[in-house]
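K.L.:
Residue numbers (the numbering used here): 5 to 400.
Don't be surprised by glycine CBs; every beta carbon is placed ideally from N, CA and C.
Below is the structure:
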């Protein structure tokens with residue numbers, strides 16, 4: 005029998021070869037640097053939350069919108085997690101219950117501090133980067149968060165011998181985007197594109213997810229349209245009245261499941277996946293449906309082209325950004341409007357979440373529940389069937 009050393013994160017296999025048995029030793033977290041078996045890293049258990057599946061994952065951006073879902077799904081299948089955080093510890097501490105006792109560890113880090121990044125990935129065989137920013141702050145620009153940060157993390161992961169690196173990007177990222185609402189090209193789109201390039205340069209076998217608008221609990225897609233800062237009562241200003249923007253939103257749990265499935269499948273190395281929903285909708289139809297679900301379409305609801313509303317730009321958007329020192333009120337900011345007005349253009353031939361075995365969630369099944377807290381006159385206890393369920397928008 006011949007022994008052949010390969011790299012990967014699979015368990016030991018015995019396969020027939022020319023009538024004999026060839027034992028293939030797989031170098032992974034189950035082996036220490038000197039080649040001796042690491043008993044503590046062996047898979048054990050039946051595969052549930054109280055098991056260990058052989059994956060030690062570091063999740064950057066664990067306290068964010070997508071990160072919380074990813075950590076929960078990783079914990080369900082017995083993953084040991086190292087969760088770097090830069091906020092108050094109690095914002096991250098709630099993720100401890102995602103895994104079994106002792107399987108979720110925390111470490112403080114700064115995206116500009118290489119030592120803290122190296123400490124976070126030192127014992128991991130999978131690293132997932134979910135760090136992102138919808139708006140710039142005085143401390144972090146788009147370039148800091150979307151380009152320099154991923155480049156630094158990817159480089160350190162390569163130097164530390166991490167086997168898998170997964171990076172979350174944006175579907176409409178491009179080097180030279182056409183400005184829609186803004187007077188100049190969107191730095192959000194440009195920085196996301198450059199971030200992908202940086203990750204590929206530093207970690208050539210990285211897996212990249214390009215996500216469309218992600219919706220779910222505490223999202224910044226549904227809630228940015230539902231908040232009172234976004235509209236004048238029931239008057240909703242939209243780029244070109246929403247008639248020239250096509251969206252393909254995706255549910256956050258589906259994105260998280262795709263990331264987890266990619267982490268478990270070594271064949272996803274070097275691949276790019278498009279995290280898009282099952283259907284495409286006209287933005288105007290989506291907004292009309294949202295307001296019907298919130299029961300705000302009865303008292304003078306009207307959607308109109310935002311270019312005819314100078315007050316919206318000069319007062320509402322400017323005030324939302326000036327009044328808050330940390331984040332714009334209601335998630336209303338210029339780059340957010342630019343992203344909202346952008347048509348999703350998935351590339352043909354590029355695999356999607358369905359190619360990772362994810363059963364996509366239909367918006368018709370999830371959005372009514374997400375928008376229920378935003379209903380008008382919440383104190384009114386309606387009778388069963390008093391308000392008919394609005395018909396969902398037609399898919400394109």
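Counting only runs that start and end within the stretch 327-362, where is the alpha helix (DSSP H) found for 4 or more residues in a row?
P.N.:
Taking only runs of at least 4 residues, the alpha helix (DSSP H) segments lying wholly in the stretch 327-362 are 338-344.
K.L.:
Of the choices 197, 266, 184, whose alpha-carbon is the least far from that of residue 242?
P.N.:
Ranking the options by Cα distance to residue 242, first place goes to 184.
K.L.:
I'd like the ranges of any alpha helix (DSSP H) spanning at least 4 consecutive residues and lying wholly in the stretch 300-328.
P.N.:
Counting only runs of 4 or more, we get 322-326.
K.L.:
If you follow the beta strand (DSSP E) that residue 276 is in, where does it begin and where does it stop?
P.N.:
Where residue 276 is concerned, the enclosing beta strand (DSSP E) stretches over 276-279.
K.L.:
Does DSSP put residue 389 in a helix, in a strand, or in coil?
P.N.:
Correct three-state label for residue 389: coil.
K.L.:
Along the chain, where does the beta strand (DSSP E) that runs through residue 133 open and close?
P.N.:
Looking at the DSSP string, the run of the beta strand (DSSP E) that includes residue 133 is 130-133.
K.L.:
What does the Cβ neighbour count give for residue 303, buried or exposed, with the cut at 16 atoms within 10 Å?
P.N.:
So residue 303 ends up on the exposed side.
K.L.:
Please report the Cβ distance between residue 161 and residue 110, rounded to the nearest whole angstrom; I am assuming they are in contact, meaning their Cβ atoms lie under 8 Å.
P.N.:
The Cβ separation is near 19 Å, so there is no contact.
K.L.:
Check residue 270 in the structure and name its three-state DSSP category.
P.N.:
Reduced to three states, the DSSP call for residue 270 is helix.
K.L.:
Alpha carbon to alpha carbon, how far is residue 159 from residue 103?
P.N.:
Going by the C-alpha atoms only, they are around 28 Å apart.
K.L.:
Mapping the DSSP letters down to three states, classify residue 150 as helix, strand or coil.
P.N.:
Residue 150 falls in the helix class under three-state DSSP.
K.L.:
Which residue or residues does DSSP assign as beta-bridge partners of residue 251?
P.N.:
DSSP, once it has assigned bridges, lists 285 as partnering residue 251.
K.L.:
Could you have a look at residue 261 and say whether DSSP puts it in helix, strand or coil?
P.N.:
Residue 261: helix per DSSP, three-state reduction.
K.L.:
Can you tell me the Cα-Cα spacing of residue 62 and residue 364, whole angstroms?
P.N.:
Using only the alpha carbons, I get a separation of about 26 Å.
K.L.:
Mind checking which residues open and close the beta strand (DSSP E) that includes residue 87?
P.N.:
Taken as a continuous stretch (DSSP letters only), the beta strand (DSSP E) holding residue 87 covers 84-89.
K.L.:
Keeping to the same chain, check which residues put their C-beta closer than 8 Å to that of residue 384; ignore five residues upstream and five downstream.
P.N.:
No residues qualify anywhere along the chain.
K.L.:
Does the distance from the C-beta atom of residue 219 to that of residue 256 stay below 8 Å?
P.N.:
Taking 8 Å as the Cβ cut-off, residue 219 and residue 256 qualify as a contacting pair.
K.L.:
Our contact map puts residue 135 next to residue 106 with C-beta atoms below 8 Å; I'd like the distance itself, whole angstroms only.
P.N.:
Between residue 106 and residue 135 the Cβ distance is about 26 Å, and since that is not below 8 Å, they are no contact.
K.L.:
Where does residue 81 sit, in a helix, a strand or coil, going by DSSP?
P.N.:
Of the three classes helix, strand and coil, the one that applies to residue 81 here is coil, per DSSP.
K.L.:
Under the rule that 16 or more other beta-carbon atoms within 10 Å means buried, what is residue 192, buried or exposed?
P.N.:
Buried is the call here.
K.L.:
Please state if the CB of residue 267 and the CB of residue 157 are separated by a distance shorter than 8 Å.
P.N.:
Contact flag unset, no.
K.L.:
Label residue 280 either buried or exposed according to how many other C-beta atoms from any shown protein chain fall within 10 Å of its C-beta, with 16 as the threshold for buried.
P.N.:
Its Cβ being crowded by 16 or more others within 10 Å, residue 280 is buried.
K.L.:
If you compare alpha carbons, which of 83, 51, 93, 82 is closest to residue 67?
P.N.:
The shortest Cα separation from residue 67 among 83, 51, 93, 82 belongs to 93.
K.L.:
Rounded C-beta distance between residue 355 and residue 275? I'm assuming under 8 Å.
P.N.:
With 8 Å as the limit, residue 355 and residue 275 qualify as a contact, their Cβ atoms being about 7 Å apart.
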